[in-house]
Every structure is written in structure tokens, then in C-alpha cells.
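**Student:**
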Amino acid sequence: MLEQALQKHFGYTSFRTGQKEVIEQLLAGRDVIALLPTGMGKSMCYQLPAYLLDGPVLIVSPLLSLMQDQVDQLKQFGEKRVVALNSFLTAEQKRYALHFLHQYRFIFASPEMLMQPQVKERLRAIRLGLIVADEAHCISQWGFDFRPDYLRLGEIIPKHNKPPILALSATATQTVLQDIERYLHMQSPFYFLHSVNRPNIHLAKRFFQQKDDKINWILEHVQTTDGPGIIYTQSRSKTETLSMALLERGIAAAAYHAGKEAEDRQFIQQQFLVGKLEWIVATNAFGMGVHKGDIRQVIHEFMPANIANYMQEIGRAGRDGQPAVATLLYADGDEQFSQFIVTEDLPKMQHIEHYLANGDHPMRMLDAGEISETAFRVLHYWMQQESSEAVQKRLQQMEMDKYKAVHEMLQIVQATDCMRERLVNYFGQQLAEKTPNCCQNCGLVFEEILSAKQTVEEPEKILTWQERLQRILLSSLR
Amino acid sequence: MIFQQILLDIFLKLNNERTVSSAYHLLRGKRSGQTIQDVGIFSLHAYFSLLPKLTRQKFDGFVQLFAENGYLQMDDAGYYSLTSRGIEQARKGVPCTFDSWHYRGNEHIFYERLSLIVQALSHQSANIKAFIPIQRDEGIQYFARQFLLRHQYQSGALQVLLLQEITNSLEALAVTEEQRELLINRLTGVDLPGFTWQQLAYQAGRAEMDSQLLYISALHNWLGHIEHYPYLADIAQQLRISMPLTDSAYQTAKLFQQGLSLQQIASKRNLKQSTVEDHLVELAMNDITFPIEHFVNQEELVQVNKAVLSYATKKLKVLREALPHLSYFQLRLALARGGN
Ligand SMILES: [Zn+2]
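For the protein sequence lines, the chains are A and B, in the order given. Numbering that gives the first Met the number 0 numbers the first residue of the first sequence as 0 and each following residue consecutively. Numbering that gives the first Met the number 0 numbers the first residue of the second sequence as 0 and each following residue consecutively.
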């Protein structure tokens with residue numbers, strides 16, 4: 000029955016892990032929290048119900064690129080009734096979209112967009128078939144200190160005739176799952192939790208005395224082992240310098256971060272996808288929405304801010320099921336810098352004083368450049384919710400939480416027992432079986448997993464601009 | 000560096016008579032009366048709105064560098080003066096030409112349209128129906144769709160025709176081979192993704208910004224010689240700015256054309272007379288057929304030009320002192336006409 004619908008609308012003959020269970024519950028009207036690995040067809044959990052339920056499906060999405068990616072995907076299936084409400088719409092486009100909102104099958108929106116009064120009002124007038132929080136761990140991870148509008152998602156959920164709510168994530172701890180349940184006003188949701196363990200990803204780590212040693216190790220390593228791979232690092236400028244160093248050694252590498260032009264970001268993804276780039280040197284902006292199955296390596300030049308990020312980032316390797324290696328590099332004192340970075344964008348105590356001093360015009364702080372936009376957004380939200388004493392406590396708590404998350408990550412780095420087991424336990428799950436070449440601590444032989452660098456192929460013939468143009472336009476004549 | 004030469008050229012043309020910031024506003028294309036008048040007074044049409052996204056930080060970084068290299072000196076009020084070293088460096092010139100005044104960033108719209116059309120045609124050639132569009136802007140997508148429909152892309156001939164037009168027009172263009180390559184390497188097609196700025200700059204041994212400037216220069220040149228290529232001209236439609244005015248100045252211009260006097264326009268539009276004067280100066284700058292004779296006669300024009308030469312300045316204060324019988328308004332009109 001459901002299989003027939005799947006075949007009819009998407010051309011697939013069978014469901015992948017978890018999809019059917021989740022969809023059945025949703026169709027029965029029950030709220031669902033689904034923890035499914037990225038690249039395993041999470042989106043199908045709401046895509047198919049959209050054809051079986053009455054009323055549009057609203058998908059709240061954290062990132063513009065992710066939203067766009069899903070819109071494109073649906074359009075490729077021939078679906079035209081898709082709209083993405085985001086800040087790039089002109090006033091006219093937005094008016095049009097809102098006017099015909101009830102006629103769409105899929106409505107994608109950022110939380111900030113949903114909080115705009117006219118959007119909220121329009122949504123209230125529509126009977127939605129399903130509400131989806133995509134990458135729902137963002138509610139917890141980002142909501143408290145980064146994008147408070149996530150915490151207000153409950154405001155758009157109707158009190159009467161509530162449609163089912165679906166929270167989707169690839170990585171979420173128990174605490175995060177509780178936050179999701181609470182902030183989305185879920186009522187005894189059905190849980191589908193796929194194992195967070197990825198047995199084909201082998202977990203390596205390397206220690207160094209000096210920070211520069213990490214770079215030298217990477218330069219050596221990528222010249223002797225095969226990609227394709229991603230190198231994660233913490234700053235934009237570092238992605239640039241490291242990718243330059245790789246280029247100078249004849250390695251097809253590119254820098255990727257949120258400061259790059261939209262076209263450049265697409266070129267990099269496309270080149271990576273078709274195999275013209277071997278290594279991407281990226282900030283954590285790279286990854287969501289990248290569908291490349293054969294990524295063999297992920298290297299963390301710098302420790303991630305928390306375990307959830309680490310899991311998401313290494314999870315981009317080996318989606319084809321073939322062996323892959325995730326290597327975590329650590330130099331003495333990295334965690335101190337990490338602590339600095341994670342709290343950089345939090346509002347500080349003195350900001351509360353300035354906020355109060357500005358009376359009815361707190362925005363002046365922003366104009367005066369006293370505070371970053373992110374920090375102001377957070378401060379402003381909480382100052383409207385509670386007393387300044389409570390906000391002060393809360394900020395201290397946020398800072399503590401961030402430090403704690405860094406510390407938890409550091410423990411994974413410093414652990415002498417099985418890294419995999421620790422990671423899986425962190426997400427409240429148990430490790431079912433042992434993996435050969437499991438992790439650095441259990442014993443890991445690189446050579447058994449990674450193939451040595453292939454002898455460099457003849458570089459592709461460089462096309463003249465006339466030839467290149469001809470190949471692009473007349474590709475059928477190749 | 001190309002950008003460095005552009006900035007020095009601007010400072011040279013501004014003749015130490017403006018603040019450093021005015022160069023920034025010029026490059027960003029600030030639509031204020033002062034910036035627009037500066038374009039006319041100092042003949043800076045090439046650079047107005049050349050880099051609408053230039054950050055202040057980046058700009059200040061270059062100015063700082065100039066100061067360190069002894070190219071210029073800054074004063075507390077934000078004014079600068081070029082040193083002889085700076086002037087010498089500036090005179091080495093800019094290796095490529097721009098026509099920013101007439102495009103103001105619209106050259107990018109042209110390229111966005113073109114790249115999406117080319118990408119679509121590439122996929123059609125390869126018989127691939129669905130693809131992720133390289134341009135996300137819905138306006139651009141709409142334009143590309145309409146263009147393809149208008150020219151019956153389904154017949155399969157458009158690829159060849161466009162290929163010929165692009166090849167022929169670029170070969171005839173007075174730009175370097177590097178610039179032609181830049182234009183084509185930013186296109187994307189089936190299995191041939193475009194190259195990033197990092198890649199293109201690395202290949203050429205340049206800074207990213209310089210590769211981008213060479214690309215913009217090539218686009219301006221291309222757009223200026225496109226009218227005999229019907230498909231490309233269609234893609235470039237409505238992008239050249241022929242009457243570039245602020246909105247308010249445009250309203251004034253309409254009334255002036257209807258024959259209203261300066262005072263009449265001021266009272267009708269409920270504006271100060273000085274504001275209307277600003278508009279008329281802007282108008283004179285943009286339109287060489289503007290009848291400034293209404294306000295300054297031929298003899299006075301010659302006097303102004305002589306004074307500019309003999310005092311080597313375009314400072315209104317100095318000129319006013321030298322020619323006390325002329326009003327500031329008359330002087331500004333005369334300057335707006337400049338060498339024209
Ligand atoms: Zn282990």
C-alpha cells in the first residue's frame with residue numbers, strides 16, 4: 000500500500016531503514032522524533048506523507064543551502080508546488096507566495112521567517128497537514144545561544160486540530176531529544192532511533208606538540224594517501240592558507256567557507272562530486288546537503304566544538320558503505336582556543352548593563368558596534384523573557400555548557416579506551432558489536448583501510464576557451 | 000596589483016581635494032548628490048559602482064598600505080595628499096578599462112543570465128532533463144526560461160548559434176586572452192563545473208580581487224560591443240543605464256523638460272532651491288545636451304575652464320574667489336560640463 004504510493008510518486012520500490020515506520024505513525028496522526036543517519040533518505044519521511052495527507056507540509060529548515068537543496072530535489076521529481084520562504088525573496092515574491100500559500104504542497108521556511116507577523120498570521124489561516132523540524136538538533140544546539148527563534152517554533156503550532164509534528168535529526172543526545180520534545184510541544188511522540196554507530200568509519204587520532212606540526216602532518220598525509228576527503232578547520236583564513244599549501248604541492252584542493260560567493264560554493268561542490276577536486280578544506284559550513292558517497296577521509300585539523308558536530312562531520316565519510324577514516328588531530332592547548340571560539344559570540348555580562356542603559360532603544364548597542372548581531376539577537380530575546388538577573392544566570396549557564404561541550408570533546412580526544420564506544424554511549428546507545436580496525440585506541444592499521452596514493456594520472460589536457468565553450472554547449476557531440 | 004592602481008588613479012583624479020572616503024563611496028556607487036557630482040567633476044565614470052560590495056575594512060587596508068609605502072599622507076579631517084612617489088606610481092596606469100558608469104553592477108546580471116542559459120543548453124545537449132540551476136535568483140531563472148522559449152531552444156539549434164556568437168564576439172574584442180579565458184571558465188556545464196576565483200587567481204598568479212577586476216573589465220568591454228550579436232544583445236537587454244539619475248533628480252528633470260523654472264520646480268516639489276540646483280547639476284553631468292546656457296553663458300564657461308587650469312584646482316571655494324561674479328551653482332554647472 001505505502002510501497003505503491005512510494006513507487007507512484009518517487010519511483011522507488013522499497014523503503015530504507017526507518018522510513019516506513021515513521022511514515023505510518025505520521026499518517027496515524029502521531030508526533031514522531033526520528034534519528035536517522037544523513038544520506039539515508041531522511042527527507043522521504045515527510046516527502047511521501049505530503050502526497051497522502053490533506054494540507055501543505057511545512058518544513059522548518061536551519062540553513063538556506065539545505066532548504067534550496069531540498070527544493071531542488073523535489074523539483075527534480077517533477078514537483079512544482081514547492082516554495083521556500085527565505086530572506087532572498089523580494090517583497091513582491093513574498094506577497095505572491097503568501098497569498099497562494101495554501102496551494103503549495105511543500106512550504107520550506109527558516110525559523111526567523113516564520114516569526115514574522117504576516118507569515119505567522121497567514122500560517123494560522125491555513126490547515127497544515129504536517130509540520131517538520133529538519134535537523135531538529137538545531138533547536139537545542141542553536142536555539143539557546145544562536146538563533147532564539149528556534150525556541151519559539153511552538154508559537155506556530157496550532158492548539159486545535161494540531162497536525163502531526165516530525166522532528167528529524169542525524170545526531171541528538173538524550174538532552175537534545177528532550178529539548179526537541181518540549182519546544183515543539185510534542186505529545187508522547189513515537190521515537191525511531193537508528194544507531195549512531197557507523198562501523199565503516201574508522202576513528203584515528205594523532206597528537207602533536209606544536210600547532211604547525213599538524214599542518215606538516217596533513218601535507219605529508221594527503222600526499223601519501225588517497226582521498227577524496229574533507230579537512231575541517233576552525234577559521235576561514237586557515238581554509239585559504241591550507242588549501243593554498245596543498246595546491247602548491249600539486250593536490251587538487253579548494254577552500255570552502257560561508258564567506259565564498261554562492262557560485263564558487265556550487266563550483267566546489269560540483270567539482271568535488273565529479274572528482275575534479277580531491278580535498279576540500281572547509282569550516283563547518285561545508286557538509287549539509289552534500290551528497291557524495293565515496294568520501295574516504297575526514298580530517299579534523301582542529302577539534303570540533305562538541306561531540307555532536309564531530310559526529311555530523313565524520314558522518315559525511317563513507318556513505319557508500321565502503322571503509323573510510325576519520326582522523327582527529329590535536330596539539331597541546333587546542334582546547335583553550337576552542338573555548339575561546341565557542342563563547343566568542345555569546346553576549347557578555349557588560350552587555351546586559353549596556354542593554355539596560357539604553358532603555359527603550361537597545362538596538363543602539365548594535366549600531367554602536369558594541370555587540371555582534373548574533374549576540375544581540377540572543378540577549379534581546381532573553382531580556383524580553385525574563386529579568387536581567389535571570390538573564391545573567393542564563394548567560395553564565397550557556398558559557399558553562401559550551402565549556403562543558405568542549406571538555407566532553409576533549410575527553411574523546413584524550414580517552415585511552417575505545418573511542419567508538421564512548422561516542423555511541425554519549426548518544427545514549429550501546430555498541431552492539433566490535434569493528435576490526437575500530438579506532439586508534441583499539442588498534443588501527445591505516446594501510447588496511449586506506450589505499451596508498453595512486454600514481455598521479457596524466458593531468459587533464461587544458462582546454463582552450465573555445466574548446467571548453469564548445470564542450471559545454473555541444474556536450475552531446477563529445 | 001590592479002586594484003592598487005585603480006585606487007591610486009582615483010586619488011590622482013580627485014586631486015587631493017576630497018576625503019579618502021569619497022573614493023570608497025565612488026567604488027561602492029553611493030547614490031548621493033556629492034558622489035555623483037564628483038564623478039562628473041573629476042571624470043571618474045570608469046569607477047562609479049565598480050565594486051558595490053567592497054568592505055570598508057578592505058578599503059581601509061589598502062589606504063593604510065599606501066600610507067606605509069609612502070604613496071600618500073593623511074590628515075586628521077580624512078583628507079589625503081599623494082606624495083610624488085604616489086603620483087609616480089599612479090601614473091603607471093591601470094592595465095584594463097572599465098565602463099562602470101553605464102553598468103553599475105548590471106554586468107553581473109548579464110553574466111548570471113548567460114551562465115544559466117548556457118548551463119540549461121548544456122544539459123539539453125546531453126539529454127539531461129533536471130539539474131540544479133547555478134543561479135538561484137528567481138528573476139534570473141525567469142529571464143532564462145523566457146529567453147529559451149523565445150528562441151525555440153527545443154529545436155537544438157540555439158547551442159550552435161550562441162556558440163558562434165560568443166566565440167566571434169570574444170575573438171573580436173580588445174581584451175587579453177586571459178580575460179577571455181576568465182569569462183569562459185566561470186561558465187558551468189555538464190561534467191564541466193566552473194572554476195572558483197581561488198583556482199583562477201592561483202592559475203594566473205594573481206590576487207583573487209585582480210582576477211575579478213579583469214573579469215569585470217572584460218564584461219564591460221563585451222557589453223559595449225554586443226549590439227550586432229542578436230542573442231547576446233537579447234541577454235543584455237535593459238542592463239545598460241542610459242540616464243543614470245537619482246529618483247528625485249529624475250522628477251526634477253521631467254519638470255525642467257516641461258519648461259518650469261528653477262523656482263517653479265522648487266515650489267511645486269516643495270524642495271529647497273539648493274536641492275533643485277543639485278538635481279540640475281546632476282542632470283548636466285549625465286546629459287551633455289543639457290542646456291546649461293540657461294544659467295552660464297559661453298564666456299563664463301571659458302573663464303571657469305581657465306581658472307581651473309591656472310589654479311590647478313576644482314575646489315569651489317578657490318574658484319569662487321577667483322570669479323566672484325559667478326554663483327556656486329553656476330560654477331558647479333560649469334564643472335559638471337568639464338572638458339565636454
Ligand atoms: Zn575502538
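We treat Cβ as the ideally placed atom computed from N, Cα and C, and that holds for glycine. On a predicted model such as this, the values are computed, not experimentally measured, just so you know.
1) Are the beta-carbon atoms belonging to residue 171 of chain A and residue 139 of chain A less than 9 Å from one another?
2) At what residues does the alpha helix (DSSP H) containing residue 15 of chain A begin and finish?
3) Looking only at DSSP bridge pairs, what is residue 438 of chain A linked to?
4) Given a threshold of 16 other Cβ atoms within 10 Å of its Cβ, counted over all protein chains shown, does residue 301 of chain B qualify as buried or as exposed?
5) CA-CA distance, residue 208 of chain A and residue 238 of chain A?
6) Taking 9 Å as the threshold (beta carbon to beta carbon), is residue 476 of chain A in contact with chain B?
7) Which ranges does the alpha helix (DSSP H) cover as unbroken runs of at least 4 residues, wholly within the region 328-359 of chain A, from first to last along the chain?
8) Looking at chain B, is there any beta carbon in it that lies within less than 9 Å of the beta carbon of residue 8 of chain A?
9) Do you know how far the Cα of residue 318 of chain B is from the Cα of residue 339 of chain B?
10) Which residues of chain B have a Cβ atom closer than 8 Å to the Cβ of residue 253 of chain A, listed in chain order?
11) Pick out the complete alpha helix (DSSP H) segments inside the region 283-325 of chain A, 4 residues or longer, and give them in chain order.
12) Just to confirm, is the Cβ distance from residue 48 of chain B to residue 100 of chain B under 9 Å?
13) For the candidate residues B/179, B/206 and B/210, whose alpha-carbon lies nearest to that of residue 220 of chain B?
14) Check the Cβ of residue 58 of chain A against every Cβ in chain B and list those closer than 7 Å, keeping chain order.
15) Can you tell me whether residue 202 of chain A sits near ligand 1, meaning its C-beta is under 8 Å from at least one heavy atom of the ligand?
16) Using DSSP with H/G/I as helix, E/B as strand and the rest coil, what is residue 477 of chain A?
17) Cutting at 8 Å between CB atoms, please list the residues of its own chain near residue 406 of chain A, excluding the five before and the five after it.
18) Any idea if residue 188 of chain A is buried or exposed, counting beta-carbon neighbours within 10 angstroms, 16 or more meaning buried?
19) Considering only heavy atoms of ligand 1, does any lie closer than 8 Å to the CB of residue 420 of chain A?
20) Return the residue from the list B/274, B/305, B/117 and B/290 that minimises the CA-CA distance to residue 473 of chain A.
21) Going by Cα to Cα distance, which pick from A/9, A/110 and A/56 is closest to residue 25 of chain A?
22) Mind listing, in chain order, the continuous beta strand (DSSP E) runs of no fewer than 3 residues lying wholly within the region 5-92 of chain B?
23) What residue ranges within the region 55-106 of chain A form continuous alpha helix (DSSP H) runs of no fewer than 4 residues, ordered along the chain?
24) Specify, as a first and last residue, the run of the beta strand (DSSP E) that residue 253 of chain A falls within.
25) Straight-line CA distance for residue 62 of chain B to residue 122 of chain A?
26) Anyone know if the C-beta pair for residue 8 of chain A and residue 107 of chain A falls short of 9 Å?
27) For residue 449 of chain A, name the three-state secondary structure that DSSP assigns.
28) My guess is that residue 85 of chain B and residue 71 of chain B are in contact by the Cβ rule of under 8 Å, so how many angstroms apart are they, rounded?
29) Give a yes or no on whether the minimum CB-CB distance between residue 66 of chain B and chain A is below 9 Å.
30) Does residue 28 of chain B pass the burial test, meaning 16 or more other C-beta atoms within 10 Å, or should it be called exposed?
31) For ligand 1, I want to know if residue 434 of chain A counts as a neighbour, meaning its beta carbon is within less than 8 Å of at least one of the ligand's heavy atoms.
32) Pop quiz: residue 257 of chain B and residue 294 of chain B are said to be a contact at Cβ under 8 Å. What is the actual Cβ separation, rounded to whole angstroms?
33) Does the beta carbon of residue 27 of chain B sit closer than 9 Å to a beta carbon anywhere in chain A?
34) If we cut at 9 Å on Cβ distances, does residue 367 of chain A have a partner in chain B?
35) Count the other C-beta atoms from every protein chain shown that fall within 10 angstroms of the C-beta of residue 35 of chain B, then say buried if there are 16 or more, exposed otherwise.
36) Do residue 42 of chain A and residue 287 of chain A count as a contact pair if the criterion is CB distance below 9 Å?
**Tutor:** According to the data block:
1) yes
2) Here residue 15 of chain A belongs to no alpha helix (DSSP H), and DSSP marks it neither H nor E.
3) A/202
4) exposed
5) 21 Å
6) Reliability fails at residue 476 of chain A, whose pLDDT of 49 lies under 50, so the model's placement of it is uncertain and the value that follows must be treated cautiously. So yes, residue 476 of chain A belongs to the interface.
7) 333-343 and 348-356
8) no
9) Note on residue 339 of chain B: pLDDT 45, under 50, position unreliable in the model; the coordinate value appears next. Whole-angstrom Cα-Cα distance: 19 Å.
10) 195, 197 and 198
11) 306-313
12) yes
13) B/179
14) Per Cβ cutoff of 7 Å: no residues; residue 58 of chain A is ~18 Å from chain B at best.
15) yes
16) Residue placement at residue 477 of chain A cannot be trusted, given a pLDDT of 48 that sits under 50; the coordinates are not used to answer.
17) 334
18) buried
19) yes
20) B/117
21) A/56
22) 71-73 and 79-81
23) 63-75 and 90-98
24) 252-255
25) 51 Å
26) no
27) coil
28) 5 Å
29) no
30) buried
31) yes
32) With a Cβ gap of about 17 Å, residue 257 of chain B and residue 294 of chain B do not count as contacting.
33) no
34) no
35) buried
36) no
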